[in-house]
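Going by the working numbering, the first residue of the sequence shown is number 244, and it counts up by one from there.
Note that the Cβ used here is the ideal one computed from N, Cα and C, for glycine as well.
For clarity, every value in this text was computed on a predicted model and none was experimentally measured.
The next block holds one structure in the form of C-alpha coordinates; read it before the comments.
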Amino acid sequence: KTDEYEEPTIYSLEIYDTSCTSYLTVRTLNQLDLDEFSKYLLASNILLRDVYLDDVESGAQNLESVKEFQSQLIHMLAFGVMSFYKWYTNSEKLMDHALLYDPSEFFTLDMHTAEKSLGVNWEPMEDKFIFLL
(Lines of atoms letter the chains of each structure in order from A; the text may use other names.)
(Lines give C-alpha, C1' and ligand atoms only; values in the text may rest on other atoms or scores of the structure.)
Protein backbone atom coordinates (compact mmCIF):
# COMPACT_ATOMS: atom_id res chain seq x y z
CA LYS A 244 0.00 0.00 0.00
CA THR A 245 1.25 3.43 -0.83
CA ASP A 246 -0.55 5.39 1.90
CA GLU A 247 -2.26 4.59 5.19
CA TYR A 248 -5.81 4.95 3.80
CA GLU A 249 -5.37 2.62 0.85
CA GLU A 250 -6.81 -0.90 1.10
CA PRO A 251 -4.11 -3.57 1.35
CA THR A 252 -3.54 -5.80 -1.64
CA ILE A 253 -3.84 -9.50 -0.95
CA TYR A 254 -1.72 -11.89 -2.96
CA SER A 255 -2.46 -15.57 -3.21
CA LEU A 256 -0.17 -18.44 -4.11
CA GLU A 257 -1.40 -21.89 -5.04
CA ILE A 258 1.06 -24.74 -5.31
CA TYR A 259 0.03 -27.66 -7.49
CA ASP A 260 3.17 -29.74 -7.27
CA THR A 261 5.94 -29.82 -4.75
CA SER A 262 9.49 -30.70 -5.57
CA CYS A 263 10.15 -31.92 -2.01
CA THR A 264 7.77 -34.89 -2.31
CA SER A 265 10.44 -37.23 -3.66
CA TYR A 266 12.86 -36.13 -0.97
CA LEU A 267 10.29 -36.74 1.76
CA THR A 268 9.51 -40.21 0.45
CA VAL A 269 13.17 -41.21 0.37
CA ARG A 270 13.83 -39.61 3.75
CA THR A 271 10.88 -41.42 5.33
CA LEU A 272 12.01 -44.77 3.93
CA ASN A 273 15.57 -44.14 5.15
CA GLN A 274 14.35 -43.33 8.66
CA LEU A 275 12.12 -46.39 8.69
CA ASP A 276 15.12 -48.46 7.67
CA LEU A 277 17.21 -46.99 10.50
CA ASP A 278 14.46 -47.66 13.04
CA GLU A 279 13.52 -51.20 11.99
CA PHE A 280 16.54 -52.74 10.24
CA SER A 281 17.39 -55.14 13.08
CA LYS A 282 13.97 -56.80 12.83
CA TYR A 283 13.82 -56.94 9.04
CA LEU A 284 17.30 -57.53 7.62
CA LEU A 285 16.16 -58.60 4.14
CA ALA A 286 13.77 -55.68 3.83
CA SER A 287 16.46 -53.32 5.08
CA ASN A 288 18.87 -54.43 2.36
CA ILE A 289 16.18 -53.95 -0.26
CA LEU A 290 15.29 -50.46 0.96
CA LEU A 291 18.94 -49.47 0.84
CA ARG A 292 19.69 -51.07 -2.51
CA ASP A 293 16.54 -51.44 -4.63
CA VAL A 294 14.47 -48.27 -4.15
CA TYR A 295 14.15 -45.45 -6.65
CA LEU A 296 12.01 -42.62 -5.24
CA ASP A 297 8.85 -44.52 -4.28
CA ASP A 298 9.41 -47.68 -6.35
CA VAL A 299 10.92 -50.86 -4.97
CA GLU A 300 12.33 -53.00 -7.76
CA SER A 301 13.86 -56.22 -6.59
CA GLY A 302 13.94 -59.95 -7.07
CA ALA A 303 15.59 -63.15 -5.93
CA GLN A 304 16.78 -66.51 -7.23
CA ASN A 305 13.86 -68.49 -5.81
CA LEU A 306 10.24 -68.09 -4.83
CA GLU A 307 10.74 -68.64 -1.09
CA SER A 308 13.34 -65.86 -0.86
CA VAL A 309 11.03 -63.43 -2.64
CA LYS A 310 8.10 -64.39 -0.38
CA GLU A 311 10.26 -63.76 2.68
CA PHE A 312 11.46 -60.30 1.66
CA GLN A 313 7.97 -59.45 0.41
CA SER A 314 6.59 -60.30 3.87
CA GLN A 315 9.34 -58.33 5.58
CA LEU A 316 8.74 -55.28 3.36
CA ILE A 317 5.01 -55.34 4.09
CA HIS A 318 5.58 -55.59 7.86
CA MET A 319 8.39 -53.02 7.91
CA LEU A 320 6.40 -50.44 5.98
CA ALA A 321 3.43 -51.02 8.28
CA PHE A 322 5.55 -49.57 11.11
CA GLY A 323 5.72 -46.36 9.09
CA VAL A 324 1.97 -46.52 8.40
CA MET A 325 2.80 -47.16 4.76
CA SER A 326 1.70 -49.87 2.38
CA PHE A 327 2.20 -50.92 -1.20
CA TYR A 328 -0.61 -50.30 -3.62
CA LYS A 329 0.83 -51.94 -6.73
CA TRP A 330 2.53 -55.25 -7.22
CA TYR A 331 4.08 -56.44 -10.44
CA THR A 332 5.34 -59.97 -10.66
CA ASN A 333 5.93 -62.75 -13.12
CA SER A 334 4.54 -65.29 -10.63
CA GLU A 335 0.90 -65.79 -9.71
CA LYS A 336 2.06 -67.38 -6.45
CA LEU A 337 3.71 -64.12 -5.41
CA MET A 338 0.61 -62.13 -6.28
CA ASP A 339 -1.49 -64.52 -4.18
CA HIS A 340 1.06 -64.26 -1.35
CA ALA A 341 0.74 -60.44 -1.33
CA LEU A 342 -3.05 -60.65 -1.31
CA LEU A 343 -2.99 -62.81 1.84
CA TYR A 344 -2.06 -59.77 3.95
CA ASP A 345 -5.07 -57.61 3.14
CA PRO A 346 -6.76 -57.93 -0.23
CA SER A 347 -8.56 -54.60 0.15
CA GLU A 348 -5.27 -52.68 0.25
CA PHE A 349 -3.73 -54.11 -2.88
CA PHE A 350 -4.34 -52.89 -6.38
CA THR A 351 -3.38 -55.76 -8.64
CA LEU A 352 -2.88 -55.56 -12.34
CA ASP A 353 -3.19 -58.07 -15.10
CA MET A 354 0.06 -59.97 -15.20
CA HIS A 355 0.16 -59.41 -18.96
CA THR A 356 0.36 -55.64 -18.55
CA ALA A 357 3.78 -54.08 -19.02
CA GLU A 358 5.13 -51.96 -16.17
CA LYS A 359 7.19 -48.87 -16.92
CA SER A 360 9.80 -47.56 -14.52
CA LEU A 361 12.81 -45.35 -15.11
CA GLY A 362 12.07 -45.32 -18.84
CA VAL A 363 12.21 -49.11 -19.11
CA ASN A 364 9.22 -51.35 -19.79
CA TRP A 365 9.03 -54.77 -18.17
CA GLU A 366 6.67 -57.46 -19.38
CA PRO A 367 6.13 -59.75 -16.37
CA MET A 368 4.86 -62.89 -18.10
CA GLU A 369 7.71 -62.96 -20.60
CA ASP A 370 10.13 -61.51 -18.04
CA LYS A 371 11.73 -59.23 -20.59
CA PHE A 372 12.75 -55.60 -20.65
CA ILE A 373 11.89 -53.28 -23.52
CA PHE A 374 13.68 -50.02 -24.22
CA LEU A 375 11.76 -47.58 -26.40
CA LEU A 376 13.84 -45.02 -28.26
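| field | Reduced DSSP category for K200 - H, G, I as helix; E, B as strand; rest coil | value | Residue 200 lies beyond the range of the chain shown here (244 to 376); nothing can be said about it.
| said: Which complete alpha helix (DSSP H) runs does the stretch 298-329 hold, if anything under 4 residues is left out? | reply: 306-322
| task | Report buried or exposed for F374, applying the criterion of at least 16 other Cβ atoms within 10 angstroms of its Cβ. | result | As a position in the sequence shown, residue 374 is number 131, starting the count at 1. F374 is exposed by the Cβ-count criterion.
| Separation of I317 from K310, as counted between CA atoms | Position 67 of the sequence shown, counting from 1, holds the residue named residue 310. Position 74 of the sequence shown, counting from 1, holds the residue named residue 317. Taking the straight line joining both Cα atoms gives about 11 angstroms.
| request: To the nearest angstrom, report how far apart N364 and E300 are at their CA atoms. | output: Reading the sequence shown from its first residue, position 121 is the one you call residue 364. Reading the sequence shown from its first residue, position 57 is the one you call residue 300. N364 and E300: Cα-Cα distance of roughly 13 angstroms.
| So which of S334, M325, G302 and K329 has the shortest CA-CA distance to L285? | Position 42 of the sequence shown, counted from the start, is the residue given in the question as residue 285. Distance check between L285 and each of S334, M325, G302 and K329 places G302 closest, using alpha-carbon atoms only.
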